[in-house]
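Q: The listed protein sequences correspond, in order, to chains A and B.
In case it helps, the working numbering puts the first sequence at residues 175 to 500.
In case it helps, the working numbering puts the second sequence at residues 175 to 500.
The structure's right below; bear with me while I get my questions together.
2 protein chains.
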Amino acid sequence: MISVKLISTGKALPSQIVTSEDLDVSLNQSQGYTFKKSGVLSRHVALATQSQSQLGAQALTDALRTAGLGVESIDLLISACGLPEQALPNTACFIAAHAGLPAGCAAFDVNASCLSFLTALRVAAGLLQGGGYSRIAIVSSDLASRGLNWAEPESSLIFGDGAAAVIVEKGHAEQGIRAFKLATYPQGRRYCEIRAGGSQCNPRMGAQPDDHIFQMDGKAVFKLAMKVMPSFFAQLMEEAGVALSSIDTVVPHQASYLSLAHAAKLLSVPDSKIIKIYKTHGNQVAASIPTVLHEAYVTGRANPGSRLLMMGTAAGFTVGGMVLDL
Amino acid sequence: MISVKLISTGKALPSQIVTSEDLDVSLNQSQGYTFKKSGVLSRHVALATQSQSQLGAQALTDALRTAGLGVESIDLLISACGLPEQALPNTACFIAAHAGLPAGCAAFDVNASCLSFLTALRVAAGLLQGGGYSRIAIVSSDLASRGLNWAEPESSLIFGDGAAAVIVEKGHAEQGIRAFKLATYPQGRRYCEIRAGGSQCNPRMGAQPDDHIFQMDGKAVFKLAMKVMPSFFAQLMEEAGVALSSIDTVVPHQASYLSLAHAAKLLSVPDSKIIKIYKTHGNQVAASIPTVLHEAYVTGRANPGSRLLMMGTAAGFTVGGMVLDL
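Structure follows, in structure tokens:
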């Protein structure tokens, strides 16, 4: 058991809501097309004047307000986004600026694509063991809308923008991470990608506008996920030393309608235990899991003593899961 | 003391060497101009056919070979680069692919700009405490050459490409991190930046080719560094509970000729204790500190029982330091 205690969660969504009916019209499709393709009824989409780090800072402010804490009480900010705000410097610096964290507060980024939050939570738990940090804020914020290819329904209709934040401290002896597992299958590294944005592909290196847009081979992702997930989750539960039946609430990444159905089948837990916000949020990249976690708290499905299974897949291709005792 | 043991280091450089005389010619400047402006005699520059992750994988392979270890012995790969290879997925997936890590090995990124390696080392030490990981590889690789503005001598002549890797395990009781401190001053977040590459600035959002190029306000960086570093290092040494005179070797980021001179003055340690590779490597972004650490090992200035001070500044603006007992 790796001790960690979640003391508050927060959430932020852009105010603009885009319904699937709106998209039917703007994409010149028949009524019902977007919902049928995506399973999403509506998603939030940031205006061009909003930034990823502003939204992340709003989520952090929400979590601080709920806990009755000030920014000066945070020792470290971990940005756990799927994509950065810009290539340099790291996104935590921008979130820290908008949230008003005191100058000199520690801040860095953790990135495991859509599994950045789970990874950052494990990293934070590790840092809390050694001293030096007593209260850590983790912020995930992603604006998928900035890089979608509207000519590709499979990869564009399912996403939504959003941010969430979680504040953690060291827990008591029976509170924390029972197991955390991350498994990367690099053979799938090009199944979901944005080729530009780093050292390999910029305008000087011959990048084209399309290189800045999200590309996905959904079939390949699904095939690889189907292959690796059963043994992955068997190992995770074995490491946790608890039965699936002891899980109170499942907090899954909201990758797609299909992925949520697959998770329910894979885990054989009652559907009522699995939190789904996909229909009204879409896939929020790294912000999905902490947004679902926030939902678990505000709807009373995460309480002191609850056992959570958090899980998902990520571009990379990476599979991840965590068993967490609250 | 946070237990951690460095069991091997490795390094990789692109084979192409560009001397300052070469740059004098290609930039149409008088002989000696580039060296006078930068303090760099030569730097390594990757060919267009080489990638950041390939170079990182070479450094990891070097570290594994030195230790006589195979890739299958690594439980987790942390990519600790200053910039990503592409916007999505995270760079560790690409390094894992080139290094031949087994499918299913855990891999994620830590980013604190030029201080990514120090941060990743603290993260790794935290992860080793909790179980689940017994051997972690940290890889830093950066190809600054891909985003330099050759019309700006201050920000272009000082950089070099490179990669380094460090493999760590849990240490014995008197071996590890005495203190680690990271301080971000978000007011300096635009002093060094590449505006494009993420959610805020891509071609669809109106990005221009220049937005993909590194911009630096060197005077502002230096002014802020001078202001915050004295008290930062006083606090770091106080947290470490040891005197500066007990430091055997200083492993500084090789930000610039001026930064190295400033570090020597700030710390008041004999110049012979400070490792400098700047003249033949330039500023290698996040790869600088682990490359200097590798140099410390191969030149016999890092040995079991040695005490190191690793330190530097980063875009963000972030200051960082670590006191490490080997």
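By construction, the Cβ of each residue, glycine as well, lies at the ideal position given by its N, Cα and C atoms.
Predicted model only: the values in this text are computed from it and were never measured.
Considering only the alpha carbon of each residue, which of P188(B), A277(B), R217(B) and V472(B) lies closest to S194(B)?
A: R217(B)
Q: Would you please verify whether the beta carbon of E328(A) is less than 8 Å from any beta carbon of chain B?
A: Answer no: the Cβ-Cβ gap between E328(A) and chain B never drops below 8 Å.
Q: Using a 10 Å radius around the Cβ and a threshold of 16 neighbouring Cβ atoms, would you call D445(A) buried or exposed?
A: exposed
Q: Quick one: using the 10 Å Cβ neighbour count with 16 as the cut-off for buried, is L432(B) buried or exposed?
A: An exposed status is given to L432(B), since fewer than 16 other beta-carbon atoms sit within 10 Å of its beta-carbon.
Q: Look at the alpha carbon of A488(B) and the alpha carbon of S287(B), and state the distance between them as a whole number of angstroms.
A: Going from the Cα of A488(B) to the Cα of S287(B) covers about 6 Å.
Q: Please report whether the beta-carbon of A186(A) lies at a distance below 8 Å from any beta-carbon of chain B.
A: Among the CB atoms of chain B, none fall inside 8 Å of the CB of A186(A).
Q: Provide the residue(s) that pair with Q389(B) in DSSP beta bridges, ordered along the chain.
A: E367(B)
Q: Taking Cβ positions only, does Q203(A) come closer than 8 Å to chain B?
A: Q203(A) has a beta carbon lying at 8 Å or more from every beta carbon in chain B.
Q: Looking at the structure shown, is L331(B) part of a helix, part of a strand, or coil, going by DSSP?
A: Three-state DSSP puts L331(B) in coil, outside helix and strand.
Q: Tell whether a beta-carbon distance below 8 Å holds between S308(A) and K355(A).
A: no
Q: At a Cβ cut of 8 Å, what residues of the region 440 to 458 of chain A count as close to chain B, listed as they run along the chain?
A: none
Q: Are any of the Cβ atoms in chain B nearer than 8 Å to that of Q361(A)?
A: yes
Q: Which term fits A283(B), buried or exposed, when burial requires 16 or more other beta carbons within 10 angstroms of its beta carbon?
A: Checking the displayed sequence, the identity of residue 283(B) turns out to be Asp instead of Ala. Per the 10 Å Cβ criterion, buried.
Q: How would you list, in chain order, the residues of chain A whose beta-carbon sits under 7 Å from the beta-carbon of N264(B)?
A: N285, A286, S287 and G490
Q: Express the C-alpha separation of V416(B) and L441(B) in angstroms, rounding to a whole number.
A: 14 Å
Q: Does any residue of chain B have a CB that is nearer than 8 Å to the CB of H427(A)?
A: no
Q: Decide yes or no for the touch test of the region 192 to 208 of chain A against the region 240 to 255 of chain A: beta carbon pairs closer than 8 Å, at least 3 of them.
A: Short answer: they don't touch.
Q: By the 10 Å Cβ neighbour count, where 16 or more other Cβ atoms means buried, how is M496(A) classified, buried or exposed?
A: buried
Q: Could you tell me the boundaries of the alpha helix (DSSP H) in which F268(A) lies?
A: T265 to A273
Q: What residue ranges within the region 195 to 248 of chain A form continuous alpha helix (DSSP H) runs of no fewer than 4 residues, ordered along the chain?
A: You should have 207 to 212 and 226 to 241.
Q: With H, G and I counted as helix, E and B as strand and the rest as coil, what does DSSP make of S416(A)?
A: The question names Ser, yet the displayed sequence has Val at residue 416(A). Coil at V416(A), not helix or strand.
Q: What does the alpha-carbon distance come out to for the pair A144(A) and A237(B)?
A: Here chain A has residues from 175 to 500 only, and residue 144(A) is not among them.
Q: Rounded to whole angstroms, how far is the Cβ of P377(B) from the Cβ of H386(A), which I believe are closer than 8 Å?
A: 5 Å
Q: For V424(B), tell me which candidate among L482(B), Q224(B) and L180(B) has the shortest Cα-Cα distance.
A: For the residues L482(B), Q224(B) and L180(B), the minimum Cα distance to V424(B) belongs to L482(B).
Q: Cα separation between Q226(A) and A339(A)?
A: 13 Å
Q: Please list, in chain order, all residues of the same chain as V395(B) whose beta carbon is under 8 Å from its beta carbon, the five residues on each side excluded.
A: G362, Y365, C366, T487 and F491
Q: H218(A) versus chain B: which residues are under 7 Å apart at the beta carbon?
A: Correct list: empty, because the minimum Cβ distance to chain B is about 14 Å.
Q: Okay, do the region 346 to 360 of chain B and the region 238 to 248 of chain B touch, 3+ Cβ pairs below 8 Å being the bar?
A: no
Q: Nearest to Y452(B) by alpha carbon, out of S177(B), E348(B) and S212(B)?
A: S212(B)
Q: What does E367(B) touch in chain A if you count any residue whose Cβ is under 9 Å from its own?
A: Q260, A261, L262 and P263
Q: Using CA atoms only, rank isn't needed, just tell me which of R369(B), A414(B), A435(B) and G371(B) is closest to M400(B).
A: A435(B)
Q: Mapping the DSSP letters down to three states, classify D316(A) as helix, strand or coil.
A: strand
Q: When you compare only the Cα positions, how much space is there between K397(B) and D391(B)?
A: 10 Å
Q: What is the DSSP secondary structure of A254(A), counted as helix, strand or coil?
A: coil
Q: For P276(B), which residues does DSSP report across the bridge?
A: Partner(s): none; P276(B) has no beta bridge.
Q: What three-state label does DSSP hand A353(B) in the structure shown?
A: strand
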